[in-house]
Amino acid sequence: MLPRDGSWNLQNAQFISSKQVHSWGCVWFRDRMLNPRKVEVLISKLKKSTADCGIEGISEKNLVSNPRCIANANDDFKRTMDDWMRRTSGKLDFILCLIPGNRPEIYGSIKTTCDLDYQVPTQCMQIKNIDKANHQFLANLALKINAKLGGTNNTINRSELLNKPTIVFGADVTHPGIGDHTSPSVAAIVGSANIEMSHYFHAIRIQEHRKEIIQDLQSVVKTMMLSFYRKLRRKPERIIFYRDGVSEGQFNDVIREELTAIEKACRSIEEGYRPAITFLVVQKRHHTRFFPSQNKDSVGKARNVPPGLVVDRGVCHPSQFDFYLCSHFGIQGTSRPTHYHVLLDENKLSADSLQEFTYQLCHVYCRCTRSVSIPAPVYYSHHLAFRARSYITQLGGEMSPQEMNRKIEQVLSKNIGGAVFFA
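According to our numbering, the sequence shown holds residues -3 to 419 in order.
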């Protein structure tokens, strides 16, 4: 199956690989507008939709109990989880949670509890969407569920960059909102765990307030490189590192501190071990836009440039290696291309090779059947950082940043397969 204008259809298609579900649960939060019969219908429709995509076992007979109606996401939810974990001897595959409207406090509590206390993936769905759950909606739900279970939704054609063992990193640092002068910043890093670029090792670091440079990056990279070796039985010979959220004024700091940390991580694994590094900064916050010169070259109602457009001359730096890539189909408004700055390229990649590989990575984002505006590992680092922010909100009053780091690292280290539970 090949994408057209950056999108493809799941109809009559199955995922590359999927995990069989042996036991799962469904909870719904008390809502006077929800008829329990609608939950039963939803489960029946979800069973068919997931089976069509290749996921076996999401059925009524594998429910650990009848769908539970619960009052809150705290004690009531935890009692239900304790009961289900006891019934399945701790082998609960995932939970479908039906929540009333856009309730971030319920969502955050569910995710924090299931991630940190039970290590069970969850899929949340707003109750109001039950009536809208058509084939396309349920297929999109299946995409997320399969990725969280450790399956592979789709993959890319083998790039020449992958002719050697290659690990691809995505990293981002998020900061507290304006007016918050005390909350910590969060660094999130993911590293590819398979050749299909669908599984990722992950790490979170809670660090100083508004500190942009990633702390403890050496330890994170070393751990992921060793995990890559243990899983694939080959040491990475190439490192491709996509770093998001850095302004041009911080480039020298990133080169001095983060690149040095990556190099030290490699040397600490084995004397003389020195995989070639290509380090890119990913920027979305800029004012550059591109427009087709002729209407016949435009796509969509908004008449945007087609996905895959690369600009690497004219508006780019005269001596540095940078390029713009518009990798997504602009549905509304003018498409904003992503600006990539290559700060280091020890792999000596051609511009075409690196641009093509970057574009391919925009097609393996597990949550939709279309290319996205930034490479999947960068998107995943965003999601992981957002999830960590939920952890801070839920646990901030109980734990120091150091205690949270220890707890989070202890939990994430158990996910050795690299399933993107935070997608």
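We put the CB at the ideal spot given by N, CA and C, even for glycine.
message = As a quick exercise: from 419, 405, 271 and 413, pick the residue whose alpha carbon is nearest that of residue 112.
response = 405
key: Own chain, CB closer than 6 Å to residue 305, minus 5 neighbours either side, in chain order   = 322
key: Sequence-distant residues of the same chain with beta carbon closer than 6 Å to residue 367, five excluded per side   = 2, 303, 323, 324, 358 and 359
ask   = Which residue spans inside the stretch 316 to 381 form an unbroken beta strand (DSSP E) run of at least 3?
value = 318 to 322 and 334 to 341
task = List the residues that DSSP assigns as beta-bridge partners of residue 64.
result = 23
request  = For the beta strand (DSSP E) containing residue 187, list its first residue and its last residue.
outcome  = 181 to 188
ask   = Does DSSP put residue 77 in a helix, a strand or coil?
value = helix
inquiry  = At 4 residues or longer, what runs of the alpha helix (DSSP H) sit wholly inside the stretch 147 to 171?
reply    = none
message = My output table needs one value for residue 121: the three-state DSSP class, helix, strand or coil.
response = strand
Bridge-paired residues (DSSP) for residue 274 = 236 and 341
ask   = Around the C-beta of residue 177, are 16 or more other C-beta atoms found within 10 angstroms, so that it is buried, or is it exposed?
value = exposed
query = Counting Cβ pairs closer than 8 Å, one from the stretch 209 to 223 and one from the stretch 244 to 260, do we hit at least three?
reply = yes
task = Have a look at the DSSP bridge pairing and note the partners of residue 0.
result = 3
key: Cα-Cα separation, residue 50 to residue 97   = 30 Å
task = Would you kindly report the start and end of the unbroken beta strand (DSSP E) that includes residue 398?
result = Taken as a continuous stretch (DSSP letters only), residue 398 belongs to no beta strand (DSSP E), being part of the alpha helix (DSSP H) at 397 to 408.
task = Measure from the alpha carbon of residue 165 to the alpha carbon of each residue in 277, 247, 4 and 309, then state which is nearest.
result = 277
key: At least three beta-carbon pairs within less than 8 Å, the stretch 178 to 190 to the stretch 124 to 142   = no
task = From the DSSP output, in three-state form, read off residue 488 for me.
result = Only positions -3 to 419 of the chain appear in the structure, and residue 488 is not among them; the question remains open.
task = Name the one or two DSSP bridge partners that residue 92 has.
result = 22 and 119
message = Three or more C-beta pairs under 8 Å: does that hold for the stretch 69 to 84 against the stretch 39 to 54?
response = no
query = Helix, strand or coil for residue 217 per DSSP?
reply = helix
query = Are at least three pairs of beta-carbons, each pair with one atom in the stretch 381 to 389 and one in the stretch 99 to 108, less than 8 Å apart?
reply = yes
message = If I follow the unbroken alpha helix (DSSP H) through residue 134, where does it start and stop?
response = 131 to 145
request  = Flag this pair as yes or no: are the beta carbons of residue 19 and residue 62 separated by less than 8 Å?
outcome  = no
query = By the 10 Å Cβ neighbour count, where 16 or more other Cβ atoms means buried, how is residue 267 classified, buried or exposed?
reply = exposed
ask   = Excluding sequence positions up to five away, which residues of its chain have a Cβ less than 8 Å from the Cβ of residue 12?
value = 147, 148, 149, 150, 151, 192 and 194
ask   = Considering only residues of the same chain and omitting the five flanking positions on each side of residue 52, which have a CB-CB separation below 6 Å?
value = 16
task = Please name the residue, chosen from 283, 350 and 262, that lies closest to residue 238 on a Cα-to-Cα basis.
result = 350
ask   = Which value, in whole angstroms, describes the spacing of the CA atoms of residue 335 and residue 82?
value = 50 Å
request  = Give me the Cβ distance between residue 93 and residue 118, rounded to the nearest whole Å; I'm assuming they're in contact under 8 Å.
outcome  = 6 Å
query = So, using beta-carbon positions, are residue 210 and residue 201 closer together than 8 Å?
reply = yes
task = Would you mind sorting residue 315 into buried or exposed? The rule is 16 or more other CB atoms within 10 Å of its CB.
result = exposed
ask   = Hey, how far is the Cα of residue 265 from the Cα of residue 22?
value = 44 Å
inquiry  = In the DSSP output, what is residue 202 paired with across the bridge?
reply    = 182
inquiry  = Do residue 168 and residue 381 count as a contact pair if the criterion is CB distance below 8 Å?
reply    = yes
inquiry  = Pull the bridge partners of residue 13 from the DSSP assignment, please.
reply    = 148
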